[in-house]
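In what follows, a single structure is set out as structure tokens and then discussed.
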Amino acid sequence: MVGNWMGSLIYDIGNPCTTDADCKCKGCKCSQEEALCIMPDTSTQSTNDKNTNADKEEQNRPNQENNEGKKPSTDNNTEPKDEAGSHKKPSEETNTGKDQSTVSASCPSSQITQKQRQLFLDLHNNVRLNIALGKQPNKVGFLGPAQNMYKLEWDCQYEKDAQSMANVCGMSTWLGPASNRIAWSASSDITPSAVDGYIRNTFNYWIQAVKQQGAGNVYNNSALYSFANVAFSKITKIGCGYKACGGNLYINCVYSANGAYTGTVLWENGSACQKDQDCTLYEQSKCEDRLCIAPKDAKLAVGGSDKMCPKNKNLNDKARQNLVNTHNKLRSTLGKGLAKDPLGTNGIAPKAARMLKMIYDCEIEYNAQKHADSCVFKHSPASERPGLGENLWMTSATNYGVDLAAVSASESWWSELKQNGVGPSNILTDALWNRPNKVIGHYTQMAWQNSYKLGCGIKWCPSMTYVVCQYGPAGNWMGSLIYDIGNPCTTDADCKCKGCKCSQEEALCIMPELQ
Numbered sequence: 001m002v003g004n005w006m007g008s009l010i011y012d013i014g015n016p017c018t019t020d021a022d023c024k025c026k027g028c029k030c031s032q033e034e035a036l037c038i039m040p041d042t043s044t045q046s047t048n049d050k051n052t053n054a055d056k057e058e059q060n061r062p063n064q065e066n067n068e069g070k071k072p073s074t075d076n077n078t079e080p081k082d083e084a085g086s087h088k089k090p091s092e093e094t095n096t097g098k099d100q101s102t103v104s105a106s107c108p109s110s111q112i113t114q115k116q117r118q119l120f121l122d123l124h125n126n127v128r129l130n131i132a133l134g135k136q137p138n139k140v141g142f143l144g145p146a147q148n149m150y151k152l153e154w155d156c157q158y159e160k161d162a163q164s165m166a167n168v169c170g171m172s173t174w175l176g177p178a179s180n181r182i183a184w185s186a187s188s189d190i191t192p193s194a195v196d197g198y199i200r201n202t203f204n205y206w207i208q209a210v211k212q213q214g215a216g217n218v219y220n221n222s223a224l225y226s227f228a229n230v231a232f233s234k235i236t237k238i239g240c241g242y243k244a245c246g247g248n249l250y251i252n253c254v255y256s257a258n259g260a261y262t263g264t265v266l267w268e269n270g271s272a273c274q275k276d277q278d279c280t281l282y283e284q285s286k287c288e289d290r291l292c293i294a295p296k297d298a299k300l301a302v303g304g305s306d307k308m309c310p311k312n313k314n315l316n317d318k319a320r321q322n323l324v325n326t327h328n329k330l331r332s333t334l335g336k337g338l339a340k341d342p343l344g345t346n347g348i349a350p351k352a353a354r355m356l357k358m359i360y361d362c363e364i365e366y367n368a369q370k371h372a373d374s375c376v377f378k379h380s381p382a383s384e385r386p387g388l389g390e391n392l393w394m395t396s397a398t399n400y401g402v403d404l405a406a407v408s409a410s411e412s413w414w415s416e417l418k419q420n421g422v423g424p425s426n427i428l429t430d431a432l433w434n435r436p437n438k439v440i441g442h443y444t445q446m447a448w449q450n451s452y453k454l455g456c457g458i459k460w461c462p463s464m465t466y467v468v469c470q471y472g473p474a475g476n477w478m479g480s481l482i483y484d485i486g487n488p489c490t491t492d493a494d495c496k497c498k499g500c501k502c503s504q505e506e507a508l509c510i511m512p513e514l515q
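The sequence shown begins at 1 in the UniProt record's numbering and counts up one residue at a time.
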């Protein structure tokens, strides 16, 4: 949300909150310890379940728990500002570049002109074409060339969403990460023709950071937030709106996917398409004028090899390797004494003496995929996953790439250790589990020493990209050690499991199935 409004309070003066009601914002929580109000965030969420000793004795399987935690997205959602930090009238520009796409029909009850829709499309598609051809300037040369760069088409629902945000006449309403916005100083009676100049300058503002900062094809700089949404190759649809009110002009665009997540590959390096077969991100895509065109009801093509678990077409082998490798890399940090824990001795989690290296299990994947296919963000019944633990993750970006989703979910779950901490005792207790606003159960399931089999499913649902991972044997048993504490193995005998091998390099014990 933009700050630095001239003549406005920087913040409300008074004693800090002591109750949630003191925050005076819907859904906010008061952190008395930090003297801060915590906003609700639904752009990404995770949920996990716990087990009790009673469950273990009765059935040795996890008990469904409806206590859902939330994990904020990893991108920086702050809005850009001009050099002075305030918002001023833009200069007029007339060059719109080559016409790249034509709006076929107007949208019902629209508040913008057909010419303006075309202008928004042309500005976006010109930059996307330049990236595809390797002609878009950055600080050190040019971006691209890029393969699988898709042409944007207009979407009336996205226009409606963008317009509703503009009609608020402020910057307090946020439609999620797949959106760009800005506010300019302007009179309320501004003419549509004058707005065209603001649209051009808004777009130039959104892409100017790439010329100032330099950039490749990976999003890792919050200054490039708006540019990432303009350039993300997997975006296929856009809708924009504007509103002049209260001495300001608010301009917003909403996109079909979000490029501004840290680590997102914005486009694939390669040559711009020349034939339909070059366009592989979405099924039944076409190539037109060196840009790919997705069908109306575009379905993301997973692509890549699928030899590990051929019965499930929603993941590819690269995503599976990303999942198990990320889990093992993070489990290895426990063995090596490198995992940060704010409650740990010297800020470090205790070393894991015999952490097991995870293996990927296709039967578990098939089971996890069944639940992902439901598109219901809550845990599957324990009867549908006997002996298995479960972590859930979602993002409101509905076309999130399968490879990135695999890593994002894993890193999101593990981040609970660094954010909320466990402490030197390393025991999962009810007190640890039930701390307000300090979810820990996704991390503890990932780090559970004896959970060494992993399988995951992914589904692109109407309102989210949904990841379900299941673990065998289940972890998160109340009152139990998360893992044995001590120096990592140096000999096979240190692992204390039949047939296990010690990997000193990874500080992990390797089960016989992996040997």
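Beta carbons: idealized from backbone N, C-alpha and C, even for Gly.
For Ala-244: DSSP bridge partner residues: Leu-249
Neighbourhood of Ser-31 by C-beta distance below 6 Å, restricted to the same chain and skipping five residues each side: Ile-38
Pair within 7 Å by beta-carbon distance, Gln-504 and Thr-490: yes
Cβ contact check for the segment 454–468 and the segment 349–361: 3 or more pairs under 8 Å: yes
Contact under 7 Å by Cβ, Gln-445 with Gly-389: yes
Rounded distance between the beta-carbons of Val-402 and Glu-416, thought under 8 Å: Glu-416 to Val-402, Cβ: 23 Å. No contact.
Cβ contact (3+ pairs, closer than 8 Å) linking the segment 368–386 and the segment 458–472: yes
Three-state class that DSSP yields for Ala-493 in the structure shown: helix
Reduced DSSP category for Met-149 - H, G, I as helix; E, B as strand; rest coil: coil
Residues near Ile-10 in its chain [Cβ-Cβ closer than 6 Å; skip 5 each side]: none
Glu-156 - containing alpha helix (DSSP H), residue span: The question names Glu, but residue 156 in the sequence shown is Cys. Cys-156 -> alpha helix (DSSP H) spans 156–166.
CB of Thr-236 within 7 Å of CB of Ser-222, strictly: no
Which listed residue (Val-140, Leu-121, Lys-151, Asp-161) has its alpha carbon closest to that of Pro-108: Asp-161
Nearest candidate by alpha-carbon position, reference Val-254, set Tyr-282, Gln-515, Gly-241: Gly-241
Cα-Cα separation between Pro-295 and Ser-226, rounded to whole angstroms: 25 Å
Identity of the residue in Lys-29, Cys-309, Phe-232, Glu-384 nearest Leu-152 by Cα: Phe-232
Integer-rounded CB distance, given that Gly-247 should sit under 8 Å from Leu-343: Not really, about 49 Å apart at Cβ, beyond 8 Å.
Residues of its chain near Ala-405, where Cβ-Cβ distance is below 7 Å and the 5 sequence neighbours each way are ignored: Ile-458, Thr-465, Val-467
Burial state of Asp-12, where buried means 16 or more other Cβ atoms lie within 10 Å: exposed
Close Cβ partners of His-327 (< 7 Å) along its chain, the five nearest in sequence each way excluded: Met-358, Ser-410, Met-446, Leu-454
Reference Ala-493; option with closest CA among Ser-172, Cys-502, Ile-485, Ala-397: Cys-502
Asn-204 versus Leu-143 - alpha carbon distance: 16 Å
Beta-carbon gap between Pro-145 and Ala-272 smaller than 7 Å: yes
Under the three-state DSSP convention, the category Phe-142 falls into: strand
C-beta contact flag for Gly-337 and Gln-147 at 7 Å: no
Sequence-distant residues of its chain with Cβ nearer than 7 Å to Gln-111 (five each side left out): Gln-163, Gly-241
DSSP-derived helix/strand/coil call for Ser-380: coil
Euclidean distance between Cα positions of Gln-419 and Asn-252: 33 Å
Asn-426 and Ile-348 closer than 7 Å at C-beta: no
Range of the contiguous beta strand (DSSP E) that encloses Thr-333: From DSSP, Thr-333 is part of no beta strand (DSSP E) but of the alpha helix (DSSP H) over 317–335.
CB contact flag (Gly-387, Ala-474, <7 Å): yes
Within 7 Å, strictly: CB atoms of Glu-365 and Asn-316: no
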